[in-house]
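Enquirer:
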Amino acid sequence: MSDRLIRPPEPPEDREDRVHRIATLLTGRGASEPTGPSLTDRAVLLEDEVRARTDELEHALDLLNESNARLAAANRATEAARADLANAIETLQEGFALFDEADHLVLCNSRFVMQMPDVREQLWPGLSFQAYVEAVSRSRFLTLPDGDTAADWADRRIARHRDNLHTVINISLLGHRWIQVSDHRTQDGKTVILQTDITDIMRSERRERSRMLDDQARMVRATLDHINQGVCIFDPDQRLVGWNRKVGAMLSIPVAQFRLGADFDRLFGQLAADPALQIDIAPEALLTWVHRTDRRPPLRFGLRRGEALVLEGLAEEMPDRGFVISFSDVTAARRAAGALAEAKSHLEQRVLERTLDLEDALSVAERANASKSRFVAAASHDLLQPLSAARLYVSSIVEDLAQPDHREVLSRAETALESVEGILEALLDISTLDSGQAAISPEPVGIRDLFARLQSGFAPHAALKGLDLRVMPRDLTVRTDPGYIRRILQNLVSNAIRYTETGRVLVGARRQGASLRLEVWDTGPGIAEEDQEAIFREFHRLNARASASEGMGLGLAIVERACARLGHPLGLWSQPGRGSGFFVTVPLAEPAPVRPPAPPLPEATPGLVALLIENDPEIRRALPMLVRRWGVDVLDVADADEALALLAEIDLKPDAALIDDRLGTGTGLAALDRIEARYGPIPTRIVSASRSPDFAAACRARGVQILPKPLSPEPD
1 MSDRLIRPPE PPEDREDRVH RIATLLTGRG ASEPTGPSLT DRAVLLEDEV
51 RARTDELEHA LDLLNESNAR LAAANRATEA ARADLANAIE TLQEGFALFD
101 EADHLVLCNS RFVMQMPDVR EQLWPGLSFQ AYVEAVSRSR FLTLPDGDTA
151 ADWADRRIAR HRDNLHTVIN ISLLGHRWIQ VSDHRTQDGK TVILQTDITD
201 IMRSERRERS RMLDDQARMV RATLDHINQG VCIFDPDQRL VGWNRKVGAM
251 LSIPVAQFRL GADFDRLFGQ LAADPALQID IAPEALLTWV HRTDRRPPLR
301 FGLRRGEALV LEGLAEEMPD RGFVISFSDV TAARRAAGAL AEAKSHLEQR
351 VLERTLDLED ALSVAERANA SKSRFVAAAS HDLLQPLSAA RLYVSSIVED
401 LAQPDHREVL SRAETALESV EGILEALLDI STLDSGQAAI SPEPVGIRDL
451 FARLQSGFAP HAALKGLDLR VMPRDLTVRT DPGYIRRILQ NLVSNAIRYT
501 ETGRVLVGAR RQGASLRLEV WDTGPGIAEE DQEAIFREFH RLNARASASE
551 GMGLGLAIVE RACARLGHPL GLWSQPGRGS GFFVTVPLAE PAPVRPPAPP
601 LPEATPGLVA LLIENDPEIR RALPMLVRRW GVDVLDVADA DEALALLAEI
651 DLKPDAALID DRLGTGTGLA ALDRIEARYG PIPTRIVSAS RSPDFAAACR
701 ARGVQILPKP LSPEPD
């Protein structure tokens, strides 16, 4: 059936003849069969069936003929489209080629690789992309980059085609021609290659680049001719490629000898042969530097033509292995340097003379400062000695007076003595801070204990004026000098109470990061802005009518100097009519380990024997008078020798000891060592006016407390 469907149509007479033969054959077969319908009936049936099948066959043939007609029309349209596409791509100014999904050539136009005739003849449909690239790489019209082989070029070209959807490369050809090849991958995986002749563009760019280089060369040449240095430029083969007029004038070389391509060795040989020119480098060293095959470091050398010309040369390598040699005229600089050296010599002589004068002045100042220091030391001891004796005398007799007016007089005298003590201590503090001898010993200081002492010390004074003194304790520790920080806060609180008539004084602490700000606030009259700097000057008081007993204006001066010495920032806020606030910022610290307390002095009970070692006769007479009123017997001696002799005579170990720091024959600690060496440990206090941190540290190491001068008549 399928064979017949594809046979061409037959004439009607042939078809009738074929049907008749089939009927005759079937009739003969029917006659030979023994049973069944008659042959005539079967022939009729067979003829009907043949006729039906023939009709079907004719219909199928009609359909086939129609399909063939449509296919022929489609083929004609396809051929027309193919011809149109071929004509279209042929009209392109660029070379065009299409590769299918498997990278095989489908079609191309006549301009594709027309610049490479030996490749053009190898193009046919089905050619693989790799074969096309290899053919291009072997073309005799291709100019390969320096150092590249055909295989290297082909590998890079194929790699770029595989790795990129769009690739653009420029290919150099013989005869200074160039084509640009761009690969474009379509969405269905095909590859379109366009080739554009860019020879005109490249030549134009080269002409423009050459013109720019010429312009740059002229600019460089003009620049070289206008600079103050002489310049020679050599290429990697040591040939002269650039210079300026200045170099010829500097080296006294005729301009005719400077020509393009001149060899360095020849030029240098002419330069070295000049007997008037001195070069401070061996010719071999400079030639070795020029001919080095590795990297050349910068090389400096000098040239001199008598005293009239001094040149400084610098040779430096360029990136292309060429080098530049520049010459600078340093004649004026050398002359100036010589003049400067001479002036320096004279100046050094003058400086030496002035230094000797300053050393003499410094020596005088140091002697004056030493005298001041000796005065401070003497004042701290000798001036406080009679003051302490006077207070002790007054305290020892005040209770024996029967008449109240006598007691009032002595009480006022004691108050005056206390004021004198305060002023003297302030003067000593100011002197110590100004002399720079105020050594500090920073250590952990607990705020709670510090504030507690302020509360107990100033609460009575605030109560007498009707002020509300509030101290807000904090369980924090700061690192500072305990003596100075206590004195700073005492002065601030004392000032606040002195100048505040009504209201309150508040002492607190505010944490600020790694620091703690200690604050003293009051509701006093406040300080005007123009006076806020003056209040820190010594002997300056805002209330000029205040009596001497209310201070001499030294408290804030001590506060400012002590804060500066400790490195603690000091701040102030004040508004007239509203009050003031002073702030001292101190760094926080970890709490200090608890130290064992010093041995306490025995209670002042009748029968107690105390040893007093004091070389000042007034103190030695006044202090026992006060202590004996407490029921304590006092053995007063002038030095350690006398004390040891007295104790040996009465064969008695004292219950306590009070020893002055300065004795005629030694120190108080040395005297204590001698006594305890014989009698063992004795509860002792050292009486001293010294504020030296070294002395305080020595007493702490010895386990002895210090009683500061002037001595208070109150029992400790």
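Going by full-length UniProt numbering, the sequence shown opens with residue 1, and the numbers climb by one from there. Backbone N, C-alpha and C define an ideal beta-carbon position, used for all residues, glycine too.
1) Once DSSP output is grouped into helix, strand and coil, what is the label at Ile527?
2) Tell me which same chain residues have a C-beta within less than 7 Å of the C-beta of Thr186, skipping the five on either side of it?
3) Which term fits Ile6, buried or exposed, when burial requires 16 or more other beta carbons within 10 angstroms of its beta carbon?
4) Here's the rule: buried if 16 or more other CB atoms are within 10 angstroms of the residue's CB, otherwise exposed. What is Gln344?
5) So, with DSSP's three-state summary, where would you put His161?
6) Considering Cα atoms alone, identify which of Ser690, Lys709, Glu676 and Asn615 is closest to Arg702.
7) Can the beta-carbon of His461 be found less than 7 Å from the beta-carbon of Ile488?
8) Taking the beta strand (DSSP E) that Asp522 belongs to, which residues open and close that run?
9) Less than 7 Å between CB atoms is the rule here; does Val493 satisfy it with respect to chain C?
10) Figure out for me which residue from Ala315, Val310 and Leu516 has the closest Cα to the Cα of Ser295.
11) With distances taken Cα to Cα, identify the nearest neighbour of Gly261 among Ala131, Ala60 and Arg239.
12) Can you confirm whether the region 438–449 touches the region 529–538 when touching is taken to mean that 3 or more C-beta pairs between the two stretches lie within less than 8 Å?
13) List the residues that DSSP assigns as beta-bridge partners of Val559.
14) Going by DSSP in three states, Asn87 sits in which element: helix, strand or coil?
15) Quick one: give me the first and last residue of the beta strand (DSSP E) that Phe141 is part of.
16) Among the candidates Leu251, Ala689 and Asp641, whose CA atom is the shortest distance from the CA of Gly666?
17) Grab the span of the beta strand (DSSP E) containing Val241 for me, first residue to last.
18) With Arg486 as the anchor, note down where its alpha helix (DSSP H) starts and where it stops.
19) Can you tell me which of the three DSSP states Ile686 falls into?
20) For Arg479, which beta-bridge partners are listed by DSSP?
21) Would you mind stating whether Gly230 and Val247 have Cβ atoms separated by less than 7 Å?
22) Go through its chain and collect everything with a Cβ distance to Ala308's Cβ below 8 Å, but skip five positions before and after it.
23) By the DSSP assignment, the alpha helix (DSSP H) with Gly668 in it spans what residues?
24) Going by alpha carbons, who is nearest to Ser441 out of Phe327, Phe695, Met472 and Phe301?
25) Pull up the DSSP beta-bridge partners for Ser128, would you.
26) For Ala610, report the span of its beta strand (DSSP E) as first-last.
27) With DSSP as the reference, label Pro319 as helix, strand or coil.
28) Return the chain-ordered list of same chain residues with a C-beta closer than 6 Å to the C-beta of Pro587, the five sequence neighbours on each side being excluded.
29) Would you decide whether Thr40 is buried or exposed? Buried here means 16 or more other CB atoms lie within 10 Å of its CB.
30) Is the region 189–208 touching the region 90–104 in the sense that three or more CB pairs, one from each, lie closer than 8 Å?
31) Between Ile193 and the ligand FAD, is the CB less than 6 Å from at least one heavy atom?
32) Beta-carbon separation of Val505 and Leu467 under 7 Å?
33) When you compare the CB positions of Ile233 and Val324, do they come within less than 7 Å of one another, or not?
34) Measure the C-alpha to C-alpha separation of Arg305 and Arg207 and round it to an integer number of angstroms.
35) Terminal residues of the continuous beta strand (DSSP E) containing Pro708?
36) What would DSSP say about Leu467, mapped onto helix, strand or coil?
Expert: So, from the data block:
1) Within the sequence shown, numbered from 1, the residue matching residue 527 stands at position 527. Under the three-state reduction of DSSP output, Ile527 falls in the coil class, being neither helix nor strand.
2) Locating residue 186 in the sequence shown gives position 186, where the first residue counts as 1. Counting only Cβ-Cβ distances below 7 Å, and skipping sequence neighbours, we find Val192.
3) What you label residue 6 is simply residue 6 of the sequence shown in a count that begins at 1. Unreliable positioning characterises Ile6 in this predicted model, as indicated by a pLDDT of 40, which lies under 50. The coordinate reading is nonetheless provided below. Exposed: under 16 other Cβ atoms inside 10 Å.
4) For the purposes of this step, residue 344 is taken as the residue at position 344 of the sequence shown. Correcting the residue identity first, residue 344 is Lys in this sequence and not Gln. Counting of Cβ neighbours within 10 angstroms places Lys344 among the exposed residues, the total staying below 16.
5) Here residue 161 refers to the residue found at position 161 of the sequence shown. Residue state, collapsed to three classes: helix.
6) Sequence index remark: in the sequence shown, residue 702 carries index 702 (1-based). Just measuring C-alpha positions, the residue of Ser690, Lys709, Glu676 and Asn615 sitting nearest Arg702 is Glu676.
7) Position 461 of the sequence shown holds residue 461. Position 488 of the sequence shown holds residue 488. Between His461 and Ile488, the C-beta gap is not smaller than 7 Å, which leaves the two residues out of contact.
8) As a first step, residue 522 is located in the sequence shown; it is residue number 522 there, counting from the start. Looking at the DSSP string, the run of the beta strand (DSSP E) that includes Asp522 is Ser515 to Asp522.
9) Among the protein chains of the structure shown there is no chain C, as only one such chain exists.
10) By 1-based counting over the sequence shown, the position of residue 295 is 295. Looking at the sequence provided, one finds Arg at residue 295 rather than Ser. When each option's Cα is compared against that of Arg295, the closest is Ala315.
11) The sequence position of residue 261 within the sequence shown is 261, counting from 1. Proximity to Gly261 across Ala131, Ala60 and Arg239 peaks at Arg239, based on C-alpha coordinates.
12) Because the criterion of three Cβ pairs below 8 Å is not met, the region 529–538 and the region 438–449 do not touch.
13) Translated into the one-based positions of the sequence shown, residue 559 becomes position 559. Beta-bridge analysis with DSSP links Val559 to no other residue.
14) As a position in the sequence shown, residue 87 is number 87, starting the count at 1. Collapsing the DSSP output to three states places Asn87 in a helix.
15) Taking the first residue of the sequence shown as 1, we reach residue 141 at position 141. Where Phe141 is concerned, there is no enclosing beta strand (DSSP E), given that its DSSP letter is neither H nor E.
16) Reading the sequence shown from its first residue, position 666 is the one you call residue 666. Per the Cα distances, Asp641.
17) Here residue 241 is taken as the residue at index 241 of the sequence shown, counted from 1. DSSP places Val241 in the uninterrupted beta strand (DSSP E) bounded by Leu240 to Trp243.
18) One-based indexing of the sequence shown puts residue 486 at position 486. According to the DSSP assignment, Arg486 belongs to the alpha helix (DSSP H) that extends over Pro482 to Tyr499.
19) Sequence index remark: in the sequence shown, residue 686 carries index 686 (1-based). DSSP, reduced to helix, strand and coil, places Ile686 within a strand of the structure shown.
20) Position 479 of the sequence shown, counting from 1, holds the residue named residue 479. Per the DSSP secondary-structure output, Arg479 pairs in a beta bridge with Pro444.
21) Stepping through the sequence shown from its first residue, residue 230 is reached at position 230. Stepping through the sequence shown from its first residue, residue 247 is reached at position 247. When the beta-carbon positions are compared, Gly230 and Val247 come within less than 7 Å of each other.
22) In the sequence shown, residue 308 corresponds to position 308, counting from 1. Sequence-distant partners of Ala308 (beyond 5 residues in either direction) whose C-beta falls short of 8 Å from its own C-beta, in its chain, are Thr331.
23) Working through the sequence shown from its first residue, we reach residue 668 at position 668. Bounds of the alpha helix (DSSP H) holding Gly668 are Gly668 to Tyr679.
24) Locating residue 441 in the sequence shown gives position 441, counting from the first residue. For Ser441, the closest C-alpha among the options Phe327, Phe695, Met472 and Phe301 is that of Phe695.
25) Translated into positions along the sequence shown, residue 128 becomes position 128. Its beta-bridge partners are His104.
26) Position 610 of the sequence shown, counted from the start, is the residue given in the question as residue 610. For Ala610, the enclosing beta strand (DSSP E) stretches over residues Leu608 to Ile613.
27) Position 319 of the sequence shown, counted from the first residue, corresponds to residue 319. Looking at Pro319 - three-state DSSP - the assignment turns out to be coil, as it is neither helix nor strand.
28) Within the sequence shown, the letter at position 587 stands for residue 587. Non-local beta-carbon contacts of Pro587 in its own chain, meaning distances under 6 Å to residues more than five positions away in sequence, involve Arg479 and Ser515 in chain order.
29) Position 40 of the sequence shown holds residue 40. Counting Cβ neighbours within 10 Å, Thr40 comes out exposed, since fewer than 16 surround it.
30) Yes, since at least three Cβ pairs between the region 90–104 and the region 189–208 fall closer than 8 Å, the two stretches touch.
31) The ligand FAD is not part of the structure shown, which contains no ligands of any sort.
32) Here residue 505 refers to the residue found at position 505 of the sequence shown. Here residue 467 refers to the residue found at position 467 of the sequence shown. Annotated as proximal: Val505 and Leu467, with beta-carbon spacing under 7 Å.
33) Within the sequence shown, residue 233 is the residue found at index 233, counting from 1. Within the sequence shown, residue 324 is the residue found at index 324, counting from 1. Cβ atoms of Ile233 and Val324: closer than 7 Å.
34) Locating residue 305 in the sequence shown gives position 305, counting from the first residue. Locating residue 207 in the sequence shown gives position 207, counting from the first residue. If I take the Cα positions, the gap works out to 46 Å.
35) For the purposes of this step, residue 708 is identified with residue 708 of the sequence shown, where counting begins at 1. Start and end: Gln705 to Pro708.
36) The residue you call residue 467 lines up with position 467 of the sequence shown. If DSSP states are grouped into helix, strand and coil, Leu467 belongs with coil.
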